[in-house]
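**Student:** Would you mind keeping the following structure in view while I ask a few things?
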Amino acid sequence: MGQYVLRRLLQTIPILLGVSVILFIIVHSTPGNPYAYLLGPRTDPKMRQELMDRMGLNDPLPVQYVRWLKTTLSGNLGYSIRSQRPVTEMMAQAIPNTLILTGSAFLFGLLLAIPIGVVSATRQYSAGDYAVTTFAFMGISLPAFFSALIMVYFFAVKWPIFPMNGITTPGQPFSMWDLLYHLILPTITLGLRDMAAYTRFTRASMLEVLRQDYVRTARAKGLAERVVIYKHALRNGLIPVITLLGFSLPGLFGGAIITETIFSWPGMGLLSFTAVGNRDYSVLMATNMFFAFLVIMGNLLADILYALVDPRIRYS
Amino acid sequence: MKRFITILLATLFLVATAIPATAARPQVRYPVTFNGHPVTFDAQPTVINGRTFVPFRAIFEKMGAEIKWDSANQVITATRGNTTVKITIGSSNATVNGQTKAMDAAAFIDKASGRTMVPLRFVGEAFGGTVTYDPATTAISIVDTNWPKRGGTLRLAMWNKPEGQFNPIIWSDTYSSNIGGMMHDGLWRYDERFTPVPAIAESWEWDSTNTKLTFYLRKGVTYFDGTPVTAKDVVFTYKAIWHPKYTGPRDSGFEDVVGYSDYANGKSGETAENFAKGIVTTGNLPGLYAEDDYTVVFKLNKPNAPFLFQLAYGPLDSRKYANLPVDQWGTASDPNNAFPNGTGAFMMEEYVEGQHAILKANPRYWAGRPYIDQVIWRVVAAEVAVGEVQRGNVDFTEFSPNEIASYMAMNHVKIHEYADVVFQMMMYNTVTGPTADKNVRQAINYAINRQAIIHNLMQDHASTMYGPVHPLTWAYTDDINHYDFSPEKARQLLDAAGWKVGSNGIREKNGQKLALRLVYPNVGNPVRQATAPVVQQMLKDIGIDVQLIGYDWPTIDQKIFIDHDFDMVFMGFQLGNSDPDPTGLWDKASTVPGGFNATGWWTEKSESLIKKGKETGDIEERIEIYHDWAAHWVDESPAFIFYAVNTLVASNERLQNFKPGPQGALWNLEELWLSE
């Protein structure tokens, strides 16, 4: 197993290198440049060319790529062209915010999805099952901004229970309660979508497990239904769900752009999205390479977890 | 005798010319302030027998009174709250809530100005204020501690986070400038009539050749920490912009300043070391110097009437920035960025990146301490702004016409609508493609039904604007070709230009189809986006095939403004200031890649008129020139102007004295107050 992991880790390096080349080409080929904001009647057009020369943006692409590679490998992720702040600082601020939001949503979704999925599987074809399935389909199909705005309308405007944006209340010293208070609406918005997906997933997996012979054996042995389902079947049914954790890794860090925009939650989603609009090359390269790294690690994590949880799987 | 007189006159002449012509600082007589805030009168205060008289409207309005003028009986009635004051012209007895009170003199109508003048002391005290006179400065101050209500927090929304540069010569996005603008004042600012009025500069004047502009700074203006603002700081600020190491967006329009290019190219004005390191000093330059602590002079090579508008940026504290290289100003390594030693009405108290900024009132503000204690700017997504206003968490916000129903349904909200400096147009490519032919452009103009677009897409929340000169400037004229909707005229023009209707309804000429690409920005303005298919249909009616292409902003920057790769493009434009000078938008120098004149249009006539318009300071002359220029532009038609946009603002009814307009929403920030 150890050898397998080592091999996978070594494979990561050429993959990331390849991704970085493709990414670099795409990012720099999009029309426009980071100095578009300088356009205006009061700004000298020559200034933009001067700035681009100074930043090395008029050099041939391979030259720029090598320069980027050298700086990044030395640990310096560069400066945001638009706001002149170090990219590491921007990401260091954005990542915790995103993790708090997506982490809560993930937990919220999972904690609700598992019991609901299990119940739905055990009572397949019942009215409850149909209700859950329909609800799950709705949750997945509703666009994020729609559900976000619905949440805001009902729980922040019509019945002004919750705040509708921000992480904390301005002017007040930081408190966990304040943070949680602001966290609730965005978590539910994001979590409901996640929950819908996980419910389907759990349900499908449980259905498959419940057909297994050992479940029939357990029932034949006279065990209570509850014990059969929650002690024996669930454990095996949860195997695919546990690996969800690995695949969700990039999403956890990637943030949810729409939810972050509507709720003014300054996370990675908002950061990378704004960088696209600004053609902020340094931020774009840093955040996207970060996501690529997470995808690779996430896949690796999922594979490892699979091996750990399911004794039938062994790597060599 | 004759010889004596000749010699006397000669001597007097010699003596007179021998006295150096120093600019004489104009005296400001009898400045009046209410609670520290300067009162501007449209006619000068008069002093008769030691008593000061002022025009009644300005002073009563400043004190928050509602005014009624009974011309039949010559009675002014001013009401505020439970107090009613009545003044009769010619009588020195006034009534306050019915009780007679003697004024020290009678109100009268000034023959010269036609204004009704009332005794200042009585008026100041009528509503409970205290009037004090300072004989040294002739300043009169009225203080009312009970009105208006002091304190409170103004809560504002920004739809995106600010990029974070709050230095006035560096900031490049709207929200950084909104916040930074509260912390830094300029030499002048806009008043309610969108006209520059004194701020840190008490007054300014051009010399007779229109090449020397002198600013007299107000004495007593200080930075937040109490250090006085002096002329050196003004010199320092503009030198920073011209410094070869400066990387911000302000450095244009200064080419006419004497010695500018020597400094901007690093030849003279600083030591070689300072040029290389990016350090700015307060030393004088030939074209920009401090004549004394409170007098700053700009000298130009040739007359430039709109030059004042280049000088909007506030004096930075030269001490604080003395050792920081100019290319680091406004960045993370600038300690004065978010917490500057500024001159504005508010100072930064707390700044959380990406979330909010909290500012507190500056007790030393030159225009009087703000009534409001605190301002909070929060990032609020545009989609939920309605909800925040509904809940009372945001005190005012702009909105678009399609949201008007939601705002009108709120009881605690007031709606303001005003003609604004933004206008929407469709630029043509006048260099390549079928639109390079003037007749094609004119034909398209006739084919577009402006009225229908304003009515249906903007719900009439737009004003007509037929030419390139904006209705809000003093040079606007309606007396130009409107290109009133006429598809017939359009077809005639196209036929005459050789574009004949082909078999499938689309015109062709020499085997080429009349197919045009219409580019529009696909972000930021849903109404503009919705206009694209409408125009496509209108042009199809006259036989033009239009392909619609939506780009985001950086792509538009590249394809339209740099590559000029388009036939027609929707574009909005915002006037930088109230001067009608079209330099920067319609002149030849702006047709270069990256310049704003993506149409590529210029003519000898246009260039010479633009040049003439800058050379004279005489308003009447300039109006003539710009009328001619507008008529020429309208004939050439490098663009089709849709309309001037009306801005819609919703404000919470607790926000008082709020008068948004093209001059901005917070032009009188220090005089806004909250009733609860």
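One line per chain: the protein sequences are A and B, in this order. Going by this note's numbering, the letters in the first sequence line up with residues -11 to 304, in that order. Going by this note's numbering, the letters in the second sequence line up with residues 1362 to 2037, in that order. By construction, the Cβ of each residue, glycine as well, lies at the ideal position given by its N, Cα and C atoms. Small disclaimer: the values here were computed from a predicted structure and weren't measured.
Would you say tryptophan 1914 (chain B) lies against chain A (beta-carbon separation less than 8 Å)?
**Tutor:** It does; some Cβ of chain A falls within 8 Å.
**Student:** Do you know offhand how far leucine 5 (chain A)'s Cα is from glycine 239 (chain A)'s?
**Tutor:** Between leucine 5 (chain A) and glycine 239 (chain A), the C-alpha separation is close to 22 Å.
**Student:** Kindly indicate the opening and closing residues of the beta strand (DSSP E) around valine 1736 (chain B).
**Tutor:** Start and end: 1735 to 1740.
**Student:** Tell me the start and end of each unbroken alpha helix (DSSP H) in the segment 97 to 151 of chain A that is at least 4 residues and wholly inside, in chain order.
**Tutor:** With a minimum length of 4 residues, the continuous alpha helix (DSSP H) runs that stay inside the segment 97 to 151 of chain A are 115 to 129 and 132 to 140.
**Student:** Would you check if the distance between the CB atom of glutamine 271 (chain A) and the CB atom of valine 75 (chain A) is smaller than 8 Å?
**Tutor:** Checking the sequence, you will find valine at residue 271 (chain A) rather than glutamine. Going by C-beta atoms, valine 271 (chain A) is nearer than 8 Å to valine 75 (chain A).
**Student:** Mapping DSSP to helix, strand and coil, what is asparagine 276 (chain A)?
**Tutor:** Note: asparagine 276 (chain A) maps to helix in three-state DSSP.
**Student:** Compute the Euclidean distance between the alpha carbons of proline 1557 (chain B) and alanine 1673 (chain B), then round it to the nearest angstrom.
**Tutor:** When rounded, the distance between both Cα atoms is 10 Å.
**Student:** Give the DSSP bridge partners of arginine 1516 (chain B), in chain order.
**Tutor:** Arginine 1516 (chain B) is bridged to B:Ile1737.
**Student:** Where does asparagine 1635 (chain B) sit, in a helix, a strand or coil, going by DSSP?
**Tutor:** Three-state DSSP puts asparagine 1635 (chain B) in a helix.
**Student:** Pull up the distance between the alpha-carbon of glutamine 1405 (chain B) and that of arginine 1418 (chain B), whole angstroms please.
**Tutor:** Roughly 13 Å separates the two Cα atoms.
**Student:** Please classify histidine 1843 (chain B) as buried or exposed, where buried requires at least 16 neighbouring CB atoms within 10 angstroms.
**Tutor:** Burial call: exposed.
**Student:** So, helix, strand or coil for valine 75 (chain A), using DSSP?
**Tutor:** Reduced to three states, the DSSP call for valine 75 (chain A) is helix.
**Student:** If we count the other Cβ atoms within 10 Å of its Cβ and call it buried at 16 or more, is valine 54 (chain A) buried or exposed?
**Tutor:** Looking at its Cβ environment, which holds fewer than 16 other Cβ atoms inside 10 Å, valine 54 (chain A) is exposed.
**Student:** Tell me whether the segment 1993 to 2004 of chain B and the segment 1463 to 1477 of chain B touch, counting them as touching only if at least three CB pairs, one residue from each stretch, are closer than 8 Å.
**Tutor:** No, because fewer than three Cβ pairs between the segment 1993 to 2004 of chain B and the segment 1463 to 1477 of chain B fall closer than 8 Å, the two stretches do not touch.
**Student:** Just how far apart, CA to CA, sit arginine 1868 (chain B) and threonine 249 (chain A)?
**Tutor:** Roughly 46 Å separates the two Cα atoms.
**Student:** Quick one: what's got a C-beta closer than 6 Å to proline 1731 (chain B)'s C-beta in the same chain, skipping five residues either side?
**Tutor:** Taken in chain order, the residues that qualify are Ala1706, Ala1722 and Glu2031.
**Student:** If we count the other Cβ atoms within 10 Å of its Cβ and call it buried at 16 or more, is asparagine 2029 (chain B) buried or exposed?
**Tutor:** Burial call: buried.
**Student:** Short of 9 Å Cβ to Cβ, which residues in the segment 5 to 36 of chain A face chain B?
**Tutor:** Residues Thr18, Pro19, Gly20, Asn21, Pro22, Tyr23, Ala24, Tyr25, Leu26, Leu27, Gly28, Pro29, Arg30, Thr31, Asp32, Pro33, Lys34, Met35 and Arg36.
**Student:** When you compare each of B:Glu1563, B:Gly1513 and B:Met1709 to threonine 1401 (chain B) by their alpha carbons, which one comes out closest?
**Tutor:** Closest option to threonine 1401 (chain B), Cα to Cα, is B:Glu1563.
**Student:** Scan the segment 1926 to 1982 of chain B and note each continuous beta strand (DSSP E) run of 3 residues or more that stays entirely inside, going in chain order.
**Tutor:** Runs found: 1929 to 1935.
**Student:** Which same chain residues, not among the five before or five after phenylalanine 1421 (chain B), have their C-beta less than 6 Å away from its C-beta?
**Tutor:** Once the five neighbours on either side are set aside, the close Cβ partners of phenylalanine 1421 (chain B) are Ile1428 and Ala1439.
**Student:** Taking one C-beta from the segment 1937 to 1954 of chain B and one from the segment 16 to 24 of chain A each time, how about it: are there three or more such pairs within less than 8 Å?
**Tutor:** At 8 Å Cβ cutoff, the stretches do not touch.
**Student:** Less than 8 Å between the beta carbons of phenylalanine 1934 (chain B) and methionine 1819 (chain B), yes or no?
**Tutor:** Their beta carbons are not under 8 Å apart, which means phenylalanine 1934 (chain B) does not touch methionine 1819 (chain B) by this criterion.
**Student:** Classify isoleucine 1719 (chain B) as helix, strand or coil using the three-state DSSP reduction.
**Tutor:** Strand at isoleucine 1719 (chain B).
**Student:** DSSP state of tyrosine 1724 (chain B), grouped into three classes?
**Tutor:** Note that residue 1724 (chain B) is proline in the sequence shown, not tyrosine. It is coil, neither helix nor strand.
**Student:** Look up valine 1862 (chain B) in the DSSP assignment and give the residues it is bridged to.
**Tutor:** Beta-bridge pairing links valine 1862 (chain B) to B:Arg1868.
**Student:** Give a yes or no on whether 8 Å exceeds the smallest Cβ distance from threonine 1383 (chain B) to chain A.
**Tutor:** Residue placement at threonine 1383 (chain B) is flagged as unreliable, the pLDDT there being 49, under the threshold of 50; a coordinate-derived value is accordingly withheld.
**Student:** Run through DSSP, which three-state label would arginine 1364 (chain B) get?
**Tutor:** It is helical.
**Student:** Looking at chain A, is there any beta carbon in it that lies within less than 8 Å of the beta carbon of lysine 1660 (chain B)?
**Tutor:** No - not a single Cβ of chain A is within 8 Å of the one on lysine 1660 (chain B).
**Student:** If we cut at 8 Å on Cβ distances, does aspartate 1942 (chain B) have a partner in chain A?
**Tutor:** Answer no: the Cβ-Cβ gap between aspartate 1942 (chain B) and chain A never drops below 8 Å.
**Student:** By how many angstroms is the C-alpha of glutamine 1812 (chain B) removed from the C-alpha of threonine 1944 (chain B)?
**Tutor:** Spanning the two alpha carbons is a distance of roughly 29 Å.
**Student:** How about leucine 2035 (chain B): is its C-beta nearer than 8 Å to some C-beta of chain A?
**Tutor:** No, leucine 2035 (chain B) does not count as interfacial toward chain A.
**Student:** Along chain A, in chain order, which residues have C-beta atoms closer than 9 Å to that of glutamate 2032 (chain B)?
**Tutor:** Residues of chain A passing the Cβ test: none, with the nearest at roughly 24 Å.
**Student:** Could you name the residues that DSSP lists as bridge partners for histidine 1398 (chain B)?
**Tutor:** DSSP, once it has assigned bridges, lists B:Phe1395 as partnering histidine 1398 (chain B).
**Student:** Report yes or no: is there a C-beta of chain B within less than 8 Å of the C-beta of glutamine 72 (chain A)?
**Tutor:** Closer than 8 Å: yes.
**Student:** Are asparagine 1521 (chain B) and valine 1736 (chain B) closer than 8 Å when you measure CB to CB?
**Tutor:** No.
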